[in-house]
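Participant: Here this note's numbering runs 895 ahead of the position in the sequence shown, where the first position is 1. Quick one: structure below, then a few questions.
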Amino acid sequence: MSDNQAIHVAKPMAGFGALVLPLFSLTIFLSAFLLFSVQPLFARMVLPKLGGTPAVWSVAMVFFQAMLLAGYGYAHFLTKRLNLRVAAVVHIAVMACALVFLPIAVSEAWGQPPQSGQAIWLLGLFAVSVGLPFFAVSANGPLLQAWFHRTGHPHAHDPYFLYGASNIGSFASLVLYVAFFEPAFVLQAQSAMWAGGFIALGAAIAACALAAGRGTLQRAAAEQADPVEAGPRTQAGWRTRLQWVWLAFVPSGLMVAVTAHISVDVAAIPLLWIVPLSLYLMTFVFAFARRPVVPVRFLDRALPALGFGALAVSYFNLFPLVAQMLIQVVFFFAAALLAHSVLASKRPAASDLTNFYFWMSTGGVLGGVFASLLAPVLFDWIAEYPLLVLAALLIRPSIWAEDARPAWIVSIAGLILLFLAGSPFGPALFSAVPTDLTLMAFIAFAAAGSIVHLRAEPAFVASVMAFGVLCFGLQMQGNQLFMERSFFGVLKARLSEDGEFMNMSHGTTIHGSMRVDETGTPTPLTYYHASGGIARALFSVQRRKAGEPAEIGVVGLGVGSLICHRSPGERWTHFEIDADVVRLARDPEYFRFMSSCEMPDDRMVIGDARLKLADEPDRRFDYLLIDAFSSDSIPIHLLTTEAFDLYRDKLAERGLLVVHISNRYMELATVLAAIARETGMAMRAGKFIPDAAARDQGATTSMVAVLARDERDLAALAADNTWQPVDPGRTAAWTDGYSNVPAAILRKSWYAEPEAK
C-alpha cells in the first residue's frame, strides 16, 4: 500500500462502542503488567537452583524474549490465517490450557542442574514451569492491536499508540514489583495474585473479541465514512525487515550486557535487573508516541560522548559504584531510545502490524542470545559490552550518510580487532603491548573524539570509539596469566602490579592471593590470614578438639587458602559451584594451597552448596564456613532462615558456623542477627582490621560473623573481646520468599560495624 492510499473507518457505535478504547487500553495494560511481573517473580524463584548467579537473569531474558517471539508469531498466524471468531476461540482455549500451570511454581520434575550446560538446563526449566502461561500472555499485545484495528474506532487506522499503553503497563509492573510486591509479599502470595490477574485477563480478552466482532460487522458502514489517512508505513521487503531486526538487536543485547555488568558486584536481585528493563520499556513508550519526546538529532549527537563515558567508568573504576551505574544506564537509555525511535519511523501500516512486531521481536531475541548465550562461549572476558556500545554508535542516522565511509571502514576494523582481543587468542596477540602505552593510546583517541564531536562531525566519532574500545580490549589483558569465562562469570588469575602476588578475582573482587616467591607451604593471605576472623574461629575449634578428628566444611573454594591452616586429624570438605574455580585452585602453576595442603581423604563437592549440604549427614561439621560470594554479588538463597536451619542441622555438637560478610555495598550483620533470632542461634560478629605487620604480610580487612546453637559455644571467642553481639533491631530476617537488599544497601552508609579490639 502506498503512502497516499487511504482507508475507511466507521464512526464509533453508541453505548458499548464508546467503551471500546478504554476496554482495549486496560486489557493491553493488564496483559503487559502480567507479562513483565512474571519475569522477576519466576527468576527469583529459580535463583537458588544455580547459586544465585546473575547469569540466571541473562538466561531468563533470552527465554522470555524467545517466548515473546513465539507469541508474536502465533498472533500473526491468528490474524492472517483465521477469521476473528475462530482466532478468538483458539486464543481463549490456549489461555484456558495455561491455567493448568497456575499458580506459578518451579517444576520439581525437571531435576537438579548439571555441572555443565547450565544455561540449556535453565531454559528447559523455564519452559516446563512457566512456558505456556507466558506464551499465552505474550501474544496479546499485537493480537489486541490487530483486533482494535477492526473495531471501527476513529483511531483504529493506526493502533500503534496502544503499544504505549502496553509498555506503560510493563513499566508499572516492574516498578511496583520492586517497590511494593517483592518487599511486601512472599513468593507464594505473589504467584497467587498473578494467577488471579491471569483469570481476569481472560475475561477481558473475551470482551475485546466481542467488541472487535461488532466492529467487523460494520465494515459495510465503514465504506461510507470519510476517508482517514493511514498511519506510517514501510514496504516490508527483506531489507526493511533486516533493518527492523538490527534496530531491535542492539538495544536488546545492550540491555542484557548492561544488566550483567551492573549486577555482578552487588547481587542477583530483581532491583538491579529491573532498572535497565524498565528504561528499555520506556524507550518504546517515547519512541511510539504521537510526537517525539526526545529529538533523534539530539540523541545522534549525544551518543558518542555518552558511550565514551560508559566505557571509561566501566574499566577504570573512575567513580563510586552508584555513579558508574548511573552513567552506564544513561548511555543505555539514550542508545535504546535512538534505536527504537528510528524503528518507530520505519513501522508499516496497521495491516502489516503483526509482521512488524514479529521481526522486531526476532531482533530482540537475537540480541539476547548473543549477549547471554554466545558471548560466554566466544569471549574470555565481557567483550560483548564494548562491542554492543560500538554497535549502538553504528545505529546513529549520521553514520549512514554518504560521507561516512571512513567511519565505517575504521569501525569495522575496530570491531574485528576487538573481537580478537576478546577471544581466546587475545592474550597471545596483545600480550606484548604495554599497559601504559594502551592507556596513552586511549587517552589520545578520547581527546580526538572530543574535538571531532565539538566540531559537529559525528560521523567520524564512531571510528574514534572503535579504537577506544580496542584499547580497552588490550588493557584487559594486562598481567593476566589465566582467564576463563563460564556461566558463573569471568575468572582471572593475574600478577599484582609489583609482581609480588598472584591474585584470583571474580568480577572486580579479589578472592584469593598467594605470594609468588614464597617457598614451601604457602601462607594464607587476604581474608584468610591468621589475624582474620575466619582463621580465628577455626583456631578456636582446633584448640577445643586438641588433635581429635574434626570435620571442616568450606562453602566457596576460592584459591583454597584456608586449608593450609589445617591441623592433624582433620578432614576437609569443600563445596564449590564452579568447576573452573576448582581447576584453577588445584593448578600449582598458579596457586599452591591445594596442592600443598589437600589430603587424600578430603572431598571436593561440585554444585550448589545448599543443595549439596542437604545430602550431608546431620551433625557432621565442627566448623562450617559460608564464603560463596562471586565478586561482591551475594547468593541470597545462602543467607535465608531456611538455609541457616539447614546449616544448624549440619553442625556437630558445639560446632561453629562462620559466615564471611565483607561487602562493599551492603550491611549484612543485622540480617544475620535477625536470622539468628528466628533460628534460635547465638551470634557474634567482628570487623577485623589488620595491623601494619599483618598488612605487609598480605592480610586484608574482613567482616565475619560466627553462629552456634548456644551462647556457651561462643565463649572462647567472646573472651578476647574481638567478637561483638549484634542487635538486629527491626530488621526482618530474610527467607526463601523474602529479602530486602535495598535496605541492606542503605544501612551500609550509616551502620557502625563491630570492630576488632
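Glycine is no exception: its CB is placed at the ideal position from the N, C-alpha and C atoms.
List the residues that DSSP assigns as beta-bridge partners of Asn1398.
Facilitator: Residue numbering aside, residue 1398 sits at position 503 when the sequence shown is read from its first letter. Answer is Arg1389 and Ser1408, bridged to Asn1398.
Participant: Taking DSSP as the reference, what is the three-state secondary structure of Trp1276?
Facilitator: Position 381 of the sequence shown, counting from 1, holds the residue named residue 1276. Trp1276: coil per DSSP, three-state reduction.
Participant: Taking the alpha helix (DSSP H) that Met1255 falls in, what are its first and last residues?
Facilitator: Stepping through the sequence shown from its first residue, residue 1255 is reached at position 360. Run containing Met1255: Leu1248 to Val1264, per the alpha helix (DSSP H) assignment.
Participant: Val933 to Trp1089, Cα distance in whole Å?
Facilitator: As a working note, residue 933 is residue 38 in the sequence shown. As a working note, residue 1089 is residue 194 in the sequence shown. Between Val933 and Trp1089, the C-alpha separation is close to 8 Å.
Participant: Pull up the DSSP beta-bridge partners for Thr1630, would you.
Facilitator: As a working mapping, residue 1630 is identified with position 735 in the sequence shown. In the DSSP output, where bridge partners are listed per residue, Thr1630 has Tyr1633.
Participant: CB Ile1405 to CB His1555, shorter than 8 Å?
Facilitator: Walking along the sequence shown from the start, residue 1405 turns up at place 510. Walking along the sequence shown from the start, residue 1555 turns up at place 660. No. Outside cutoff.
Participant: Between Val1025 and Asp1475, what straight-line distance do the alpha-carbon atoms span, to the nearest angstrom?
Facilitator: Taking the first residue of the sequence shown as 1, we reach residue 1025 at position 130. Taking the first residue of the sequence shown as 1, we reach residue 1475 at position 580. Their backbone Cα atoms lie some 31 Å apart in a straight line.
Participant: When you compare each of His986, Leu979 and Leu1174 to Thr1154 by their alpha carbons, which one comes out closest?
Facilitator: As a position in the sequence shown, residue 1154 is number 259, starting the count at 1. Nearest option by C-alpha distance: Leu1174.
Participant: Identify which residue in Leu1027, Ile999 and Asn1635 has its Cα closest to the Cα of Ile1531.
Facilitator: For the purposes of this step, residue 1531 is identified with residue 636 of the sequence shown, where counting begins at 1. Ranking the options by Cα distance to Ile1531, first place goes to Asn1635.
Participant: Using the Cβ count rule (16 or more neighbours within 10 Å means buried), how would you classify Val995?
Facilitator: For this step, residue 995 is matched to residue 100 along the sequence shown. Around the beta carbon of Val995, a 10 Å sphere encloses fewer than 16 other beta carbons of the protein chains shown; the residue is thus reported as exposed.
Participant: Among the residues of its own chain, which have a CB less than 6 Å from the CB of Leu997, if the five just before and after it don't count?
Facilitator: Locating residue 997 in the sequence shown gives position 102, counting from the first residue. The beta carbon of Leu997 sits closer than 6 Å to those of Ala1090, all from its chain and outside the five residues before and after it, given in chain order.
Participant: Does Glu1392 pass the burial test, meaning 16 or more other C-beta atoms within 10 Å, or should it be called exposed?
Facilitator: For the purposes of this step, residue 1392 is taken as the residue at position 497 of the sequence shown. Its Cβ having fewer than 16 others within 10 Å, Glu1392 is exposed.
Participant: Shortest alpha-carbon distance to Asn1558 belongs to which of Met1578, Thr1596, Arg1487 and Asp1631?
Facilitator: For the purposes of this step, residue 1558 is identified with residue 663 of the sequence shown, where counting begins at 1. Here the closest residue by C-alpha is Thr1596.
Participant: For Gly1448, is the classification buried or exposed, using 16 other Cβ atoms within 10 angstroms of its Cβ as the cut-off for buried?
Facilitator: Position 553 of the sequence shown, counted from the start, is the residue given in the question as residue 1448. Classification of Gly1448: buried, given that the 10 Å Cβ count is 16 or more.
Participant: Are the CB atoms of Arg842 and Ala1628 nearer to each other than 8 Å?
Facilitator: This structure does not reach residue 842, given that the chain is present from 896 up to 1652, and the question cannot be answered.
Participant: Between the C-alpha atoms of Leu1057 and Val1189, what's the straight-line distance to the nearest angstrom?
Facilitator: Taking the sequence shown and counting its residues from 1, one reaches residue 1057 at position 162. Taking the sequence shown and counting its residues from 1, one reaches residue 1189 at position 294. Their Cα atoms are separated by approximately 20 Å.
Participant: Which residue from Glu1413, Leu1020, Glu1484 and Phe1470 puts its Cα closest to that of Leu1508?
Facilitator: Walking along the sequence shown from the start, residue 1508 turns up at place 613. Leu1508 has its Cα closest to that of Phe1470, out of Glu1413, Leu1020, Glu1484 and Phe1470.
Participant: Using a Cβ-Cβ distance cut-off of 8 Å, determine whether Arg1380 contacts chain B.
Facilitator: As a matter of chain content, chain B is missing from the structure shown, which is built from one protein chain.
Participant: Do the segment 1265-1275 and the segment 976-985 make contact, defined as three or more Cβ pairs closer than 8 Å?
Facilitator: no
Participant: Taking 8 Å as the threshold (C-beta atoms), are Ser1236 and Pro1187 in contact?
Facilitator: The sequence position of residue 1187 within the sequence shown is 292, counting from 1. The sequence position of residue 1236 within the sequence shown is 341, counting from 1. Cβ distance < 8 Å, so Pro1187 and Ser1236 count as in contact.
Participant: If Gly1455 sits next to Ala1480, beta carbons under 8 Å apart, how far is it from one beta carbon to the other, in whole angstroms?
Facilitator: Indexing the sequence shown from 1 puts residue 1455 at position 560. Indexing the sequence shown from 1 puts residue 1480 at position 585. Confirmed, about 5 Å.
Participant: State the beta-bridge partners of Ser1381 as determined by DSSP.
Facilitator: Stepping through the sequence shown from its first residue, residue 1381 is reached at position 486. According to DSSP, Ser1381 bridges with Gly1384.
Participant: Alpha carbon to alpha carbon, how far is Ala1432 from Arg1487? Give it in angstroms, no decimals.
Facilitator: For this step, residue 1487 is matched to residue 592 along the sequence shown. For this step, residue 1432 is matched to residue 537 along the sequence shown. A direct Cα-to-Cα measurement between Arg1487 and Ala1432 gives close to 23 Å.
Participant: Report all residues from its chain with a CB closer than 6 Å to the CB of Val1081; omit the five preceding and five following residues, and keep chain order.
Facilitator: Counting from one through the sequence shown, the residue named residue 1081 turns up at place 186. Gly1632 and Tyr1633, listed in sequence order.
Participant: Under 8 Å, do Leu1533 and Leu1602 count as touching if we go by C-beta distance?
Facilitator: Within the sequence shown, numbered from 1, the residue matching residue 1533 stands at position 638. Within the sequence shown, numbered from 1, the residue matching residue 1602 stands at position 707. The Cβ atoms of Leu1533 and Leu1602 lie no closer than 8 Å to each other.
Participant: Taking only runs that begin and end inside the segment 1554-1621, name each unbroken beta strand (DSSP E) of 3 or more residues, in chain order.
Facilitator: 1577-1583 and 1597-1603
Participant: Can you list, in chain order, the stretches of the alpha helix (DSSP H) that have 4 or more residues and sit fully within the segment 1179-1211?
Facilitator: 1191-1211
Participant: Thinking Ala1099 and Leu925 are a contact (beta carbons under 8 Å), I'd like their distance in whole angstroms, please.
Facilitator: Translated into positions along the sequence shown, residue 1099 becomes position 204. Translated into positions along the sequence shown, residue 925 becomes position 30. Your pair Ala1099 and Leu925 checks out as a contact, with CB atoms roughly 6 Å apart and the cut at 8 Å.
Participant: At a cut of 8 Å, does the segment 1014-1028 reach the segment 1218-1226 through at least three beta carbon pairs?
Facilitator: no
Participant: On a CA-only basis, which of Leu964, His986 and Trp1016 is nearest Val941? Give me that one, please.
Facilitator: Looking up residue 941 in the sequence shown gives position 46. When C-alpha distances from Val941 are compared across Leu964, His986 and Trp1016, the shortest belongs to Trp1016.
Participant: Are Gly1148 and Gln960 touching if we call contact CB-CB under 8 Å?
Facilitator: Here the question's residue 1148 lines up with position 253 in the sequence shown. Here the question's residue 960 lines up with position 65 in the sequence shown. Going by C-beta atoms, Gly1148 is not nearer than 8 Å to Gln960.
Participant: Along the chain, where does the beta strand (DSSP E) containing Trp1005 start, and where does it finish?
Facilitator: The residue labelled residue 1005 in the question sits at position 110 within the sequence shown. Trp1005 -> no beta strand (DSSP E), and no H or E assigned at all.
Participant: Within 10 Å of its beta-carbon, does Met1494 have 16 or more other beta-carbons around it, so buried, or fewer, so exposed?
Facilitator: In the sequence shown, residue 1494 corresponds to position 599, counting from 1. The residue in question, Met1494, is exposed, as its Cβ has fewer than 16 Cβ neighbours within 10 Å.
Participant: Excluding five sequence neighbours on each side, which residues of the same chain lie with their C-beta closer than 8 Å to the C-beta of Ala1323?
Facilitator: In the sequence shown, residue 1323 corresponds to position 428, counting from 1. With a pLDDT of 49 at Ala1323, under the threshold of 50, the predicted position of this residue should be treated as unreliable, though the coordinate-derived value follows. Answer for Ala1323: no residue qualifies.
Participant: Specify the secondary structure class of Trp1042 as computed by DSSP and reduced to three states.
Facilitator: For the purposes of this step, residue 1042 is taken as the residue at position 147 of the sequence shown. If DSSP states are grouped into helix, strand and coil, Trp1042 belongs with the helices.
Participant: Answer with buried or exposed for Gly1575, where buried requires no fewer than 16 other C-beta atoms within 10 angstroms of its C-beta.
Facilitator: For this step, residue 1575 is matched to residue 680 along the sequence shown. So Gly1575 ends up on the exposed side.
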